[in-house]
Amino acid sequence: MAYCLNPRCPQPENDDQNRFCIQCGSQLLLGDRYRALKPIGQEGRGRTFLAVNQAVVDQPRCILKQVTLRGSDRPRALAEFRRDAGKLQLLGQHANIPELLAYIESDNHIHNFSPILVQELIEGEDLENADGDENAIIQLLNEVLPILHFIHEHEVIHRDINPQNLIRTVQDQLFLVDFSTLKVTTKTALARTGTVVGSAAYAAPEQLRGKAVATSDLYSLAVVCIHLLTRLHPFDLYSSLEGVWVWEDYLTTTIGDRLAHILNQMLAEAVRDRYPSAAAVYAELNAGKTLQVGKPNPTSRLETLIPGWHCTATLTGHTSTVQAIAFHPQQPYLASASADRTAKVWQLAPPKLMRTLSGHRSIVTVLLAHPNGQWLLTGSWDYTIRLWEGKAELAKLEAHSGWVQSLALAPDGKLLASGSADRSIVFWDLETQAAIVSLTEHEGTVSSLVIDPSGQWLASGSADKTVLLWNLPRQRVVRRLTTHEGTVTALAFSPSGKILFSASEDSSICVWDLAGDRLLQRLDAHLGGVQAIAVSQRGNLLVSSGVDQTVKLWHPGSGQLLATLTEHEGEVGAVAISPDGQTIASGSQDKTIKLWQFQ
Numbered sequence: 008m009a010y011c012l013n014p015r016c017p018q019p020e021n022d023d024q025n026r027f028c029i030q031c032g033s034q035l036l037l038g039d040r041y042r043a044l045k046p047i048g049q050e051g052r053g054r055t056f057l058a059v060n061q062a063v064v065d066q067p068r069c070i071l072k073q074v075t076l077r078g079s080d081r082p083r084a085l086a087e088f089r090r091d092a093g094k095l096q097l098l099g100q101h102a103n104i105p106e107l108l109a110y111i112e113s114d115n116h117i118h119n120f121s122p123i124l125v126q127e128l129i130e131g132e133d134l135e136n137a138d139g140d141e142n143a144i145i146q147l148l149n150e151v152l153p154i155l156h157f158i159h160e161h162e163v164i165h166r167d168i169n170p171q172n173l174i175r176t177v178q179d180q181l182f183l184v185d186f187s188t189l190k191v192t193t194k195t196a197l198a199r200t201g202t203v204v205g206s207a208a209y210a211a212p213e214q215l216r217g218k219a220v221a222t223s224d225l226y227s228l229a230v231v232c233i234h235l236l237t238r239l240h241p242f243d244l245y246s247s248l249e250g251v252w253v254w255e256d257y258l259t260t261t262i263g264d265r266l267a268h269i270l271n272q273m274l275a276e277a278v279r280d281r282y283p284s285a286a287a288v289y290a291e292l293n294a295g296k297t298l299q300v301g302k303p304n305p306t307s308r309l310e311t312l313i314p315g316w317h318c319t320a321t322l323t324g325h326t327s328t329v330q331a332i333a334f335h336p337q338q339p340y341l342a343s344a345s346a347d348r349t350a351k352v353w354q355l356a357p358p359k360l361m362r363t364l365s366g367h368r369s370i371v372t373v374l375l376a377h378p379n380g381q382w383l384l385t386g387s388w389d390y391t392i393r394l395w396e397g398k399a400e401l402a403k404l405e406a407h408s409g410w411v412q413s414l415a416l417a418p419d420g421k422l423l424a425s426g427s428a429d430r431s432i433v434f435w436d437l438e439t440q441a442a443i444v445s446l447t448e449h450e451g452t453v454s455s456l457v458i459d460p461s462g463q464w465l466a467s468g469s470a471d472k473t474v475l476l477w478n479l480p481r482q483r484v485v486r487r488l489t490t491h492e493g494t495v496t497a498l499a500f501s502p503s504g505k506i507l508f509s510a511s512e513d514s515s516i517c518v519w520d521l522a523g524d525r526l527l528q529r530l531d532a533h534l535g536g537v538q539a540i541a542v543s544q545r546g547n548l549l550v551s552s553g554v555d556q557t558v559k560l561w562h563p564g565s566g567q568l569l570a571t572l573t574e575h576e577g578e579v580g581a582v583a584i585s586p587d588g589q590t591i592a593s594g595s596q597d598k599t600i601k602l603w604q605f606q
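Numbering (this note's numbering), first residue to last: 8 to 606.
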């Protein structure tokens with residue numbers, strides 16, 4: 008059977024041969040590889056499916072966890088989903104935790120799509136019917152406590168330790184599974200009352216009140232142990248009248264006082280009366296032996312499958328934030344500018360550093376590749392613009408009295424426009440390297456500039472929250488756009504020049520119809536602000552990046568989000584699309600440049 012992943016499909020069962028659901032028309036193959044076979048669980052946060060990976064020859068089985076995004080703030084819910092996926096990727100590198108194989112946050116071929124985590128399937132027997140003598144319980148504690156120590160040290164609480172989530176394989180390896188109820192233990196999260204999750208019979212009192220802490224997992228593990236020792240349901244082992252555990256009254260075999268003491272302290276009602284950590288329990292169980300946080304085992308790259316763009320290379324060499332990037336107009340090269348005061352030129356195939364351009368005395372904020380394929384232009388907080396050929400500095404252009412924040416070139420490469428923190432736009436004749444005119448219509452830093460493909464129009468964006476449209480030959484403002492509520496950080500024209508895209512610190516991208524003089528749509532793009540945008544030469548792809556550490560791909564006409572790329576570990580302040588549209592580059596506060604291709 009093939010099972011439709013549309014959460015609202017009224018009849019999701021389909022024949023194996025079907026490519027599309029006969030009821031709702033959704034594609035049955037997720038990410039072109041994963042086919043759901045049947046549902047195997049449903050909880051508050053979503054549904055769980057048994058699935059196969061049809062892209063691999065032996066078609067291994069796996070687990071799909073479809074996550075229901077909670078709350079009305081979808082961008083925030085997606086950010087939490089990505090955070091949890093990142094934690095699961097890290098945890099899955101432990102030898103006794105299932106590996107996270109992929110996460111898919113959008114699939115345009117499945118209606119009403121909810122994000123999905125793809126995890127390794129652990130095949131074996133759960134502990135519901137496991138041996139329950141003293142030696143078996145000591146072995147169980149010695150197996151599970153190191154796992155709990157590992158996840159707690161990585162700021163995660165499992166919140167659903169029960170016999171069904173402890174799986175022993177035929178190779179006698181114990182796995183802790185089902186992290187669907189995990190909680191990331193930031194100080195803010197711990198202080199906030201959360202949702203009551205997990206199996207109630209095994210849950211600690213504070214967890215039932217929505218206030219789970221790391222020792223809540225220790226409590227649940229102890230309940231598993233006393234259940235196995237007595238073969239009774241946990242509810243039958245607790246005296247509600249006396250408010251105490253009475254499990255020792257139901258033992259079928261005797262156990263030592265030391266083990267009984269350890270379990271009772273793990274079961275203490277008050278958090279302060281329990282062991283402070285899994286390591287502390289392990290030490291008492293093993294005569295003071297200490298636990299170390301093991302290094303994660305190396306694992307394959309996590310697939311994002313959104314819906315086919317993947318990171319193919321990471322360029323490292325800058326020692327500070329990557330501020331700007333630009334592709335060579337004809338050759339497979341990329342240039343980058345950084346807060347480390349340098350610009351660098353990179354070969355793309357195979358990726359390697361070609362040269363470093365040094366000369367600026369402060370942050371290099373902006374960079375352009377000249378249409379002639381020979382020159383690079385860089386702008387800096389040292390108030391200068393520099394023209395480079397190879398490793399040589401050909402010219403230093405000085406006219407601004409503030410940081411140079413933006414540059415734009417006319418299509419023929421003869422005219423350069425520069426914007427500055429001094430609120431001015433300066434036009435330059437690149438043949439003579441002379442300043443032609445300085446314009447001061449903005450009331451704040453000129454943070455973004457772009458010239459349309461015809462060379463007739465200039466758009467400028469500013470910290471004054473406005474976009475000005477200029478008649479370039481006349482050097483005159485013809486339109487003022489005032490929708491944004493924060494600094495206009497980036498601008499881009501469509502290939503026809505009829506559509507203007509503007510991005511802002513207010514988290515939005517606005518799409519303007521210049522011919523019709525109207526706002527077509529406003530995209531809620533990035534939490535915390537949009538930092539850069541780029542449009543492909545064919546006009547079929549809009550790329551944005553933001554403070555939220557993501558790169559997003561959009562359909563420029565419909566505004567539909569096509570993909571979200573999430574491998575950066577810092578704000579993403581620069582994006583560019585190669586002339587052939589095959590490669591996206593992104594530069595980040597994490598000091599790296601990532602290359603992305605559709606595969």
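Backbone N, C-alpha and C fix where the C-beta goes; we use that ideal spot for every residue, glycine too.
Cβ-Cβ distance between residue i and residue j below 8 Å
i	j	result
Thr473	Leu488	yes
Asp133	Pro105	no
Asn533	Lys559	Reading off the sequence shown, one finds His at residue 533, where the question assumed Asn. It is a contact, given that the beta carbons lie within the stated cut-off.
Leu266	Tyr257	no
Leu401	Leu423	no
Thr599	Thr321	yes
Leu602	Thr319	yes
Gln556	Val582	no
Leu57	Lys72	no
Gly131	Val177	yes
Ile129	Val184	yes
Val373	Val411	yes
Leu292	Asn142	no
Chain-order list of residues whose beta-carbon lies under 7 Å from that of residue i (same chain, five-residue window excluded)
i	result
Leu312	Unreliable placement is indicated for Leu312, whose pLDDT of 46 sits below 50; the coordinate value is still reported in the next sentence. Contacts found: Gly38, Ala109, Ile111.
Asn379	Gly420
Leu360	Gly324, Lys351, Trp353
Leu98	Ile104, Ile158, His161, Val163, Phe186
Glu396	Gln381, Trp382
Thr195	For Thr195, the predicted structure reports a pLDDT of 37, less than 50, and the residue's modelled location is therefore unreliable. The matter cannot be settled from this model.
Glu276	Pro212
Ala522	Lys505
Local conformation of residue i per DSSP, three classes
i	result
Met361	strand
Leu36	strand
Ser223	helix
Val492	What sits at residue 492 in the sequence shown is Glu, not Val. Coil.
Gln337	coil
His156	helix
Trp388	coil
Leu197	Interpretation of Leu197 is limited by its pLDDT of 39, a score under 50 that renders its predicted location unreliable; the figure taken from the coordinates is listed afterwards. Looking at Leu197 - three-state DSSP - the assignment turns out to be helix.
Gly255	Contrary to the premise, residue 255 reads as Glu rather than Gly in this sequence. In the structure shown, Glu255 sits in a helix (DSSP, three-state: H, G or I).
Leu274	coil
Phe242	helix
Lys94	helix
Val231	helix
Ala466	strand
His325	coil
Phe56	strand
Pro314	Since pLDDT at Pro314 reaches only 45, below the 50 mark, its modelled position is unreliable, and the value read off the structure follows with that caveat. Reduced to three states, the DSSP call for Pro314 is coil.
8 Å contact criterion, which residue i and residue j should meet: CB distance rounded
i	j	result
Gly53	Ser121	7 Å
Met273	Ala229	4 Å
Val485	Ser454	Wrong, their Cβ atoms sit about 20 Å apart, outside the cutoff.
Gly594	Ile370	Their Cβ separation, rounded to whole angstroms, is 13 Å, which puts Gly594 and Ile370 out of contact at 8 Å.
Thr385	Thr363	No, Thr385 and Thr363 are not in contact; Cβ-Cβ is about 12 Å, not under 8 Å.
Ile458	Ala499	Not really, about 11 Å apart at Cβ, beyond 8 Å.
Glu20	Cys69	So it is not a contact: roughly 20 Å between Cβ atoms.
Asp23	Ala9	6 Å
Gln619	Pro502	Outside the displayed span of the chain (8 to 606) sits residue 619, for which this structure offers no information.
Arg393	His377	Arg393 to His377, Cβ: 12 Å. No contact.
Ala290	Lys296	6 Å
Cut-off 6 Å between Cβ atoms - residues of its own chain near residue i, not counting five sequence neighbours on either side
i	result
His407	Tyr390, Ser427, Asp429
Gly504	Asp459, Pro460, Ser461
Beta-carbon contacts of residue i that lie in its chain and below 8 Å, excluding the five residues immediately before and after
i	result
Ala208	Asn169, Val230, His240, Pro241, Phe242
Arg529	Thr490, Ser515, Ile516, Cys517, Val518
Asn13	Pro19, Cys28, Cys31, Ser33, Ile117, His118, Asn119, Phe120
Leu61	Checking the sequence, you will find Gln at residue 61 rather than Leu. Same-chain partners within the cutoff: Leu36, Arg40, Tyr41, Arg42.
Legend entry - Contact between the segment 448 to 455 and the segment 467 to 487 (3+ Cβ pairs under 8 Å): As far as the Cβ criterion goes, the segment 448 to 455 touches the segment 467 to 487, which means the pair count is three or higher.
Legend entry - Sufficient close CB pairs (3 or more, under 8 Å) joining the segment 275 to 287 to the segment 527 to 544: In the pairwise beta carbon analysis, the segment 275 to 287 is classified as not touching the segment 527 to 544: fewer than three pairs are separated by under 8 Å.
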